[in-house]
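Engineer:
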Amino acid sequence: MNSQLKRGTLELCVLSIVCESDCYGYELVNKISTCMDITEGTIYPLMKRLKDNGVIDSYIVESQEGPPRKYYTITDTGRIEKDRLYNEWFEFVDSVSNLLKGENG
Amino acid sequence: MVAKDKQDFLFQLHNELHRIGVDANEDIFADFEEHFKASQNEGFTEEETCERLGDVKEIARNYIDIEDERLNSIVAKAIESDIPHVSLTKPGRTESADDSLNSKRVELDKSKLNNAENTETASEPVREYTPEHIKEEPQPDPLSIPSMFIAKDDEEQTAEPAREFTPEHIAAEPESPKTEQSSTSTTMGQGAAIGAAIGAAVEEAVKVVSDGIKNSVNKETGDEIKQAFKEAGNEIKDAFSDIEKDIKNIDKDIQDIENELNEDVSAANEEFSNSHKSDIPPQCGPQVGNGGFSFSDIKDMKISINWGKLIMWIALDLCIFIWALPMLASGIIAFAGGLGITPIVSGVGIIIGGFDGIFVFHRLSEIFLGIGITAFGCMMTGLAAKMVKGFIMICKNIIMGHVKALFDL
Numbered sequence: 009m010n011s012q013l014k015r016g017t018l019e020l021c022v023l024s025i026v027c028e029s030d031c032y033g034y035e036l037v038n039k040i041s042t043c044m045d046i047t048e049g050t051i052y053p054l055m056k057r058l059k060d061n062g063v064i065d066s067y068i069v070e071s072q073e074g075p076p077r078k079y080y081t082i083t084d085t086g087r088i089e090k091d092r093l094y095n096e097w098f099e100f101v102d103s104v105s106n107l108l109k110g111e112n113g
Numbered sequence: 063m064v065a066k067d068k069q070d071f072l073f074q075l076h077n078e079l080h081r082i083g084v085d086a087n088e089d090i091f092a093d094f095e096e097h098f099k100a101s102q103n104e105g106f107t108e109e110e111t112c113e114r115l116g117d118v119k120e121i122a123r124n125y126i127d128i129e130d131e132r133l134n135s136i137v138a139k140a141i142e143s144d145i146p147h148v149s150l151t152k153p154g155r156t157e158s159a160d161d162s163l164n165s166k167r168v169e170l171d172k173s174k175l176n177n178a179e180n181t182e183t184a185s186e187p188v189r190e191y192t193p194e195h196i197k198e199e200p201q202p203d204p205l206s207i208p209s210m211f212i213a214k215d216d217e218e219q220t221a222e223p224a225r226e227f228t229p230e231h232i233a234a235e236p237e238s239p240k241t242e243q244s245s246t247s248t249t250m251g252q253g254a255a256i257g258a259a260i261g262a263a264v265e266e267a268v269k270v271v272s273d274g275i276k277n278s279v280n281k282e283t284g285d286e287i288k289q290a291f292k293e294a295g296n297e298i299k300d301a302f303s304d305i306e307k308d309i310k311n312i313d314k315d316i317q318d319i320e321n322e323l324n325e326d327v328s329a330a331n332e333e334f335s336n337s338h339k340s341d342i343p344p345q346c347g348p349q350v351g352n353g354g355f356s357f358s359d360i361k362d363m364k365i366s367i368n369w370g371k372l373i374m375w376i377a378l379d380l381c382i383f384i385w386a387l388p389m390l391a392s393g394i395i396a397f398a399g400g401l402g403i404t405p406i407v408s409g410v411g412i413i414i415g416g417f418d419g420i421f422v423f424h425r426l427s428e429i430f431l432g433i434g435i436t437a438f439g440c441m442m443t444g445l446a447a448k449m450v451k452g453f454i455m456i457c458k459n460i461i462m463g464h465v466k467a468l469f470d471l
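Protein chains in written order, with my numbering: chain A, 9 to 113; chain B, 63 to 471.
1. Kindly list, in the order they appear in chain A, the residues whose Cβ is closer than 8 Å to that of His-97 (chain B).
2. How long is the line joining the alpha carbons of Gly-49 (chain A) and Asp-89 (chain B), rounded to whole angstroms?
3. Short of 9 Å Cβ to Cβ, which residues in the stretch 86–97 of chain A face chain B?
4. Can you tell which of B:Met-63, B:Arg-81 and B:Leu-378 has its C-alpha closest to the C-alpha of Phe-438 (chain B)?
5. If we count the other Cβ atoms within 10 Å of its Cβ and call it buried at 16 or more, is Asn-336 (chain B) buried or exposed?
6. Give the DSSP-derived three-state secondary structure of Lys-14 (chain A) in the structure shown.
7. Since Lys-90 (chain A) and Leu-13 (chain A) should fall inside the 8 Å C-beta cutoff, what is the C-beta to C-beta distance between them, to a whole number of angstroms?
8. Taking the CB atoms as reference points, tell me whether Ala-113 (chain B) and Val-64 (chain B) lie closer together than 7 Å.
9. May I ask you to list the residues that DSSP assigns as paired with Asp-65 (chain A)?
10. Would you report the Cα separation of Arg-87 (chain A) and Val-63 (chain A), rounded to the nearest angstrom?
11. Which residues in the same chain have their Cβ closer than 7 Å to the Cβ of Asp-30 (chain A), if we skip the five residues on either side of it in sequence?
12. Scan the stretch 110–123 of chain B for residues whose Cβ lies nearer than 7 Å to a Cβ of chain A and list them as they occur along the chain.
13. Buried or exposed: which applies to Ile-376 (chain B), given that a residue is buried once 16 or more other Cβ atoms fall within 10 Å of its Cβ?
14. Taking the alpha-carbon positions, what's the Met-389 (chain B) to Ile-382 (chain B) distance?
15. Is Gly-62 (chain A) close to chain B? Criterion is C-beta to C-beta, closer than 7 Å.
16. Run down chain A in chain order and give the residues with a C-beta less than 9 Å from the C-beta of Ser-303 (chain B).
17. Is there contact between the stretch 66–83 of chain B and the stretch 65–76 of chain A, where contact requires at least three CB pairs shorter than 8 Å?
18. Count the other C-beta atoms from every protein chain shown that fall within 10 angstroms of the C-beta of Cys-440 (chain B), then say buried if there are 16 or more, exposed otherwise.
19. According to DSSP, simplified to helix, strand and coil, what is Tyr-52 (chain A)?
20. Short of 6 Å in beta carbon distance, which residues of its chain neighbour Ile-51 (chain A), apart from the five on each side in sequence? Order them along the chain.
21. Between the beta-carbon of Val-264 (chain B) and the beta-carbon of Ile-305 (chain B), is there less than 7 Å?
22. Could you check whether the Cβ of Ala-65 (chain B) sits closer than 7 Å to any Cβ belonging to chain A?
23. Under 7 Å between the Cβ atoms of Leu-79 (chain B) and Ala-122 (chain B)?
24. Provide the residue(s) that pair with Tyr-32 (chain A) in DSSP beta bridges, ordered along the chain.
25. Is Phe-100 (chain A) near the ligand COA, in the sense that its beta carbon is under 6 Å from a heavy atom of that ligand?
26. Around the Cβ of His-464 (chain B), are there at least 16 other Cβ atoms within 10 angstroms (buried) or fewer (exposed)?
27. Leaving aside the five residues before and after Ser-71 (chain A) along the sequence, list all residues of the same chain whose C-beta is less than 7 Å from its C-beta, in chain order.
28. Exposed or buried, Ile-82 (chain B), counting other C-beta atoms within 10 Å across all chains shown (16 or more means buried)?
29. Is DSSP giving Glu-96 (chain A) helix, strand or coil here?
30. Are there 16 or more other CB atoms within 10 angstroms of the CB of Phe-355 (chain B), so buried, or fewer, so exposed?
31. Leaving out five residues before and five after Lys-466 (chain B) in sequence, what residues of the same chain have Cβ atoms less than 6 Å from its Cβ?
32. Among A:Pro-53, A:Leu-58, A:Val-101 and A:Thr-42, whose alpha-carbon lies nearest the alpha-carbon of Asp-93 (chain B)?
33. Do you know how far the Cα of Glu-96 (chain A) is from the Cα of Ser-103 (chain A)?
34. Taking the straight line between their C-alpha atoms, what separation do you get for Ile-312 (chain B) and Ser-328 (chain B)?
35. Under a three-way DSSP split, which group does Leu-372 (chain B) fall into?
36. Kindly indicate if chain B contains any beta-carbon less than 7 Å away from that of Glu-48 (chain A).
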């Protein structure tokens with residue numbers, strides 16, 4: 009997969025995962041890495057950036073058996089941003105598939 | 063570079079973040095600590111987790127603030143591409159490392175070209191999607207990119223409002239040839255001059271960049287770039303001052319070794335001449351006065367006896383002075399007798415016989431005296447012979463003087 013496409017879609021993937029339900033870092037990394045071949049470590053910088061931009065937020069959950077976990081949750085601006093990216097994505101996919109179909113036809 | 067274990071990962075990440083100027087707060091490390099623990103619970107080893115996390119440098123680079131990512135990546139890449147060059151000139155590093163770096167760069171360029179082609183082909187139908195996703199993409203290294211490609215980039219940038227940082231990335235370009243030119247022809251001894259040259263080049267680049275920024279970018283980001291370039295320049299300067307220090311230290315070491323060697327040589331010479339001083343006859347030693355013998359010559363010499371010569375000389379002494387022995391002995395005994403002690407005349411009659419009556423010598427005394435007179439006579443003859451020889455030499459010199467005058471020799 010093209011690395012630039014990957015980068016562009018990564019943010020959308022993260023936002024939609026977090027939008028479904030709050031999750032912690034390792035969980036998120038695993039979810040993304042199952043469908044995309046990424047450098048797992050780069051998720052954390054991305055999360056920090058998203059948080060700095062105010063589209064996601066984080067909170068610490070103390071757990072009995074393990075260390076405290078940092079959970080990520082989506083903010084209201086995050087939801088708007090997610091919808092925007094979501095639309096952009098399908099516009100992109102549609103235009104590409106139209107182009108490809110046109111070439112094939 | 064992929065880390066070995068958790069400790070190594072965190073250490074490398076810390077260094078890398080510090081190097082590219084990202085404020086490394088506790089949260090960043092806490093995230094990864096948590097990741098390692100969670101991964102461990104799933105049954106992965108630290109090594110496996112590190113492998114899955116990936117290249118530490120890439121991770122660190124992603125922490126550069128997105129708003130300034132393009133600017134920061136220019137600066138970060140400037141640092142990245144310059145520092146290895148500088149450190150290559152350090153003693154112990156070889157040129158082959160430089161080559162491998164260059165070949166890596168070539169590969170990078172190629173891959174960037176490919177990427178760029180993809181972008182271009184994709185750009186037309188997906189115009190709306192492009193800006194954001196290009197914005198996230200780190201700026202292609204302006205220092206290593208072919209100039210024809212940069213020109214293309216510019217065209218695109220003028221068309222794209224998202225690309226507002228054009229001038230400084232062009233302005234950053236002049237730094238490249240200067241830096242590379244000087245660093246490739248580097249030898250260790252030229253460290254100082256090159257340090258100054260690169261420092262100047264970087265400063266110039268900073269100036270050019272800041273001028274470019276004034277025209278296009280707001281003051282805050284401009285200052286940030288300026289600051290970053292200054293830091294880059296300082297780092298390079300520091301590296302070169304380190305090299306200078308190294309060279310100075312090496313020079314000092316060489317001087318020390320030379321001094322030590324000189325000391326060793328002079329010590330060895332002294333030792334040799336001390337242990338062999340007696341081997342060197344005075345005539346072979348340093349010339350004293352007119353070349354004759356003087357007592358100062360033997361002042362510091364060790365005694366080393368030539369027994370043959372010594373015995374010969376003692377025998378000659380005996381021969382010369384043997385006649386004085388009976389005189390001395392009889393004198394002492396006569397003096398003792400005069401003091402009232404009864405002379406034991408009969409026992410030492412032989413010696414006393416030397417004075418047995420006026421002008422009458424005991425037979426043995428006559429023999430002693432005869433030997434002594436003969437020896438003395440011989441000595442006097444020798445002396446006379448020497449004098450005659452000397453006289454002849456003088457005569458000869460006088461005659462030769464006349465002859466030399468006659469023939470102008």
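In this text, a Cβ means the ideal position worked out from N, Cα and C, and glycines have one as well. For clarity, every value in this text was computed on a predicted model and none was experimentally measured.
Structural biologist: Walking through what the data contain:
1. Here the question's residue 97 (chain B) lines up with position 35 in the second sequence. Going along chain A in sequence order, the residues near His-97 (chain B) (Cβ under 8 Å) are Gly-33, Tyr-34, Val-37 and Tyr-52.
2. Taking the first sequence and counting its residues from 1, the one referred to as residue 49 (chain A) is at position 41. Taking the second sequence and counting its residues from 1, the one referred to as residue 89 (chain B) is at position 27. Cα to Cα, the separation comes out at about 14 Å.
3. Leu-93, Glu-96 and Trp-97
4. Locating residue 438 (chain B) in the second sequence gives position 376, where the first residue counts as 1. Ranked by Cα distance from Phe-438 (chain B), the first of B:Met-63, B:Arg-81 and B:Leu-378 is B:Leu-378.
5. As a working mapping, residue 336 (chain B) is identified with position 274 in the second sequence. Under a 10 Å Cβ-count criterion, Asn-336 (chain B) is classified as exposed, with fewer than 16 other Cβ atoms of the shown protein chains found around its own Cβ.
6. For the purposes of this step, residue 14 (chain A) is taken as the residue at position 6 of the first sequence. Lys-14 (chain A): helix per DSSP, three-state reduction.
7. By 1-based counting over the first sequence, the position of residue 90 (chain A) is 82. By 1-based counting over the first sequence, the position of residue 13 (chain A) is 5. Contact doesn't hold; Cβ gap of about 18 Å is too wide.
8. Taking the first residue of the second sequence as 1, we reach residue 113 (chain B) at position 51. Taking the first residue of the second sequence as 1, we reach residue 64 (chain B) at position 2. Contrary to the premise, residue 113 (chain B) reads as Glu rather than Ala in this sequence. Yes. Within cutoff.
9. Here residue 65 (chain A) refers to the residue found at position 57 when the first sequence is read from its first residue. Asp-65 (chain A) pairs with A:Thr-81.
10. Here the question's residue 87 (chain A) lines up with position 79 in the first sequence. Here the question's residue 63 (chain A) lines up with position 55 in the first sequence. Between the alpha carbons of Arg-87 (chain A) and Val-63 (chain A) lies a gap of roughly 7 Å.
11. Taking the first sequence and counting its residues from 1, the one referred to as residue 30 (chain A) is at position 22. These residues qualify, in order along the chain: Tyr-79, Tyr-80 and Thr-81.
12. Arg-114, Leu-115, Gly-116, Asp-117, Glu-120 and Ile-121
13. The sequence position of residue 376 (chain B) within the second sequence is 314, counting from 1. Ile-376 (chain B) comes out exposed.
14. Here residue 389 (chain B) corresponds to residue number 327 of the second sequence, with the count starting at 1. Here residue 382 (chain B) corresponds to residue number 320 of the second sequence, with the count starting at 1. Each residue's alpha carbon lies about 14 Å from the other.
15. As a working mapping, residue 62 (chain A) is identified with position 54 in the first sequence. Judged by the 7 Å Cβ criterion, Gly-62 (chain A) is not in contact with chain B.
16. Counted from its first residue, the second sequence places residue 303 (chain B) at position 241. Within 9 Å Cβ-Cβ: nothing; Ser-303 (chain B) doesn't reach chain A, min ~33 Å.
17. no
18. Walking along the second sequence from the start, residue 440 (chain B) turns up at place 378. Cys-440 (chain B) is exposed by the Cβ-count criterion.
19. Translated into positions along the first sequence, residue 52 (chain A) becomes position 44. Note: Tyr-52 (chain A) maps to helix in three-state DSSP.
20. Start at 1 with the first residue of the first sequence, and residue 51 (chain A) comes out as number 43. For Ile-51 (chain A), where only same-chain residues beyond five positions count, the Cβ hits under 6 Å are Val-37.
21. To locate residue 264 (chain B), count along the second sequence from 1; it is residue 202. To locate residue 305 (chain B), count along the second sequence from 1; it is residue 243. The answer is no: Cβ separation not under 7 Å.
22. As a working note, residue 65 (chain B) is residue 3 in the second sequence. By this cut-off, Ala-65 (chain B) is not an interface position.
23. Against the second sequence, residue 79 (chain B) aligns to sequence position 17. Against the second sequence, residue 122 (chain B) aligns to sequence position 60. Yes; because the gap between Cβ atoms is below 7 Å, this pair is in contact.
24. In the first sequence, counting from the first residue as 1, residue 32 (chain A) sits at position 24. Per DSSP, A:Tyr-79.
25. Summarising the ligand content, the structure contains no ligands, and the ligand COA is consequently not present.
26. Along the second sequence, read from residue 1 onward, the residue named residue 464 (chain B) stands at position 402. That one is exposed.
27. The residue you call residue 71 (chain A) lines up with position 63 of the first sequence. Counting only Cβ-Cβ distances below 7 Å, and skipping sequence neighbours, we find Arg-77.
28. Within the second sequence, the letter at position 20 stands for residue 82 (chain B). Buried, by the Cβ-count rule.
29. Taking the first sequence and counting its residues from 1, the one referred to as residue 96 (chain A) is at position 88. Residue state, collapsed to three classes: helix.
30. Start at 1 with the first residue of the second sequence, and residue 355 (chain B) comes out as number 293. Exposed, because fewer than 16 other Cβ atoms sit within 10 Å of the Cβ of Phe-355 (chain B).
31. For this step, residue 466 (chain B) is matched to residue 404 along the second sequence. Closer than 6 Å at the Cβ level, and outside the excluded window around Lys-466 (chain B), lies no residue.
32. Position 31 of the second sequence, counted from the first residue, corresponds to residue 93 (chain B). Checking every option, the nearest Cα to that of Asp-93 (chain B) belongs to A:Pro-53.
33. Here the question's residue 103 (chain A) lines up with position 95 in the first sequence. Here the question's residue 96 (chain A) lines up with position 88 in the first sequence. Near 10 Å, if we compare the C-alpha coordinates of Glu-96 (chain A) and Ser-103 (chain A).
34. The residue given as residue 312 (chain B) occupies position 250 in the second sequence. The residue given as residue 328 (chain B) occupies position 266 in the second sequence. Using only the alpha carbons, I get a separation of about 24 Å.
35. Translated into positions along the second sequence, residue 372 (chain B) becomes position 310. Helix.
36. Counting from 1 along the first sequence, the entry for residue 48 (chain A) is found at position 40. Chain B contact via Cβ: present.
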